[in-house]
Ligand code: ATP
Ligand code: MG
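Residue numbers (our numbering): 128 to 540.
Take a look at the structure:
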């Protein structure tokens, strides 16, 4: 296989200008550096003439680097680059480029085109002329190939800078915006299919993620928590470490069960989840809540139910899956790697206390009135749940417990 000396990182530039562009590029470079830390080898990430390059300064594993970069939101394409010395004569350069072409495209039935950019004007031949000369060398060496200037199979870029960069492959990146440019969201993460996808989608638009899981031991097992951790771990490949707040919700759930009409259990429980999530979100400086809700999926996700749930929140609630069919959500979860874990059978805290006939058209006043049945103890229970918040720092390769609560609050906000 060809040895590449660098990777040119392509990103979608439309709409990012001026100051935003610098922020975007800095965030992207920061995320690329984090991704490369996971790879064997020494790398340098640099911006030069409005492009981002990753230079490989030691041996490295090509597949490992490409895989890790393919998790970095903001990257539209990854181009492996061969770098040649600037000292080559024009003839030598033609020969080297022909060799590279021959090695990269052993099947000769391709059409091709050259795109030379002469950034170093001291180079004796201009770009148009170089395109012609490279074309001639390729046609001489591989007569089965053809030039096609309109829709070539292969577009070979040659950039003449302080050294000479040659690249023609573009490997797809995940697109989106680099994590960190769009603030931070508190993801309500259950063990299901939807919420990890919802988190991933917001991260793809540049949001950093924290997560909260409402746990109901002993009604839910240790394995249900493990499942949520595993899901957070998969999502963290894209987002970097996720602070996962494991909240003991059992007392609150039992109390609602005891005091409120059973057909309203789910909706009242959902309202308490959102209230708690928002309290943690405010403490940890999140800008929004994120859920995996989708219109009509279950009784608690009818349009009315969503409205009643939403009424307890003052932070914006992002529901990226709101209009998605389950099938389309499943497709994304398979693509991002959460599906296999999501379908493991461990019970979720909501499934234990579900009523046979939950309300589908709850009325806010009525729900609020019934919530007053909880007045006596709910305040203390909510406080206890917050005070016993167990914070796990979930990374792709390991999980650690946050030592102090302050650990989960970012500096400089
Ligand atoms: P999911 O597939 O994400 O579990 P779901 O289809 O099971 O969703 P619900 O159980 O009604 O739907 O939950 C709706 C949303 O509420 C979830 O997407 C998630 O964001 C949040 N949620 C539900 N249960 C929990 C929980 N135990 N802990 C944290 N968030 C939860
Ligand atoms: Mg669920």
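Where a beta carbon is used, it is the ideal one built from N, C-alpha and C, also for glycine. Given the structure is predicted, the values throughout are model-derived calculations rather than measurements.
Taking 4 residues as the shortest admissible run, the segment 247-289 contains the following complete alpha helix (DSSP H) segments, listed from N- to C-terminal end: 254-268.
Taking non-hydrogen atoms of the ligand ATP into account, the C-beta of residue 465 is found less than 7 Å away from none of them.
Unbroken alpha helix (DSSP H) stretches of 4 residues or longer found wholly inside the segment 128-213: 145-164 and 189-196, given in chain order.
For residue 365, DSSP assigns no beta-bridge partner whatsoever. Rounded to the nearest whole angstrom, the C-alpha separation of residue 311 and residue 528 is 20 Å. Listed as beta-bridge partners of residue 375 by DSSP are 342.
Classified as buried, residue 519 has 16 or more neighbouring CB atoms from the shown chains inside 10 Å of its CB.
The three-state reading of DSSP puts residue 337 in strand, counting E and B together. Around the C-beta of residue 154, 16 or more other C-beta atoms lie within 10 Å, and the residue is accordingly described as buried.
Rounded to whole angstroms, the gap between the alpha carbons of residue 379 and residue 339 is 16 Å.
C-alpha of residue 208 to C-alpha of residue 151: approximately 23 Å in a straight line. In this structure, residue 130 and residue 323 do not form a Cβ contact; the two beta carbons are roughly 37 Å apart against a cut-off of 8 Å. In this structure the segment 420-436 does not lie against the segment 283-290, because fewer than three pairs of beta carbons, one per stretch, are closer than 8 Å.
By the Cβ-count criterion, residue 195 is buried, with 16 or more other Cβ atoms from all chains shown falling within 10 Å of its own Cβ. For residue 242, the shortest separation between its Cβ and any heavy atom of the ligand ATP does not lie below 7 Å. At a cut-off of 4 residues, the continuous stretches assigned as alpha helix (DSSP H) that sit fully inside the segment 461-499 are 466-469, 476-479 and 491-498. Collapsing the DSSP output to three states places residue 411 in coil. Residue 205 and residue 183 have their alpha carbons spaced roughly 14 Å apart.
Straight through space, the alpha carbons of residue 354 and residue 471 are spaced by roughly 8 Å.
For the pair residue 229 and residue 135, the Cα-to-Cα distance works out to about 21 Å. Residue range 430-437 is occupied by the alpha helix (DSSP H) that includes residue 434.
Relative to the Cα of residue 224, the nearest Cα in the group 267, 442 and 304 belongs to 267. Using a 10 angstroms sphere on the CB of residue 313, the tally of other CB atoms reaches 16 or more, which defines it as buried. Distances taken from the Cβ of residue 182 to the heavy atoms of the ligand ATP include none shorter than 7 Å.
As DSSP reads the structure, residue 241 sits in a beta bridge with 283. Around the beta-carbon of residue 335, 16 or more other beta-carbon atoms lie within 10 Å, marking it buried.
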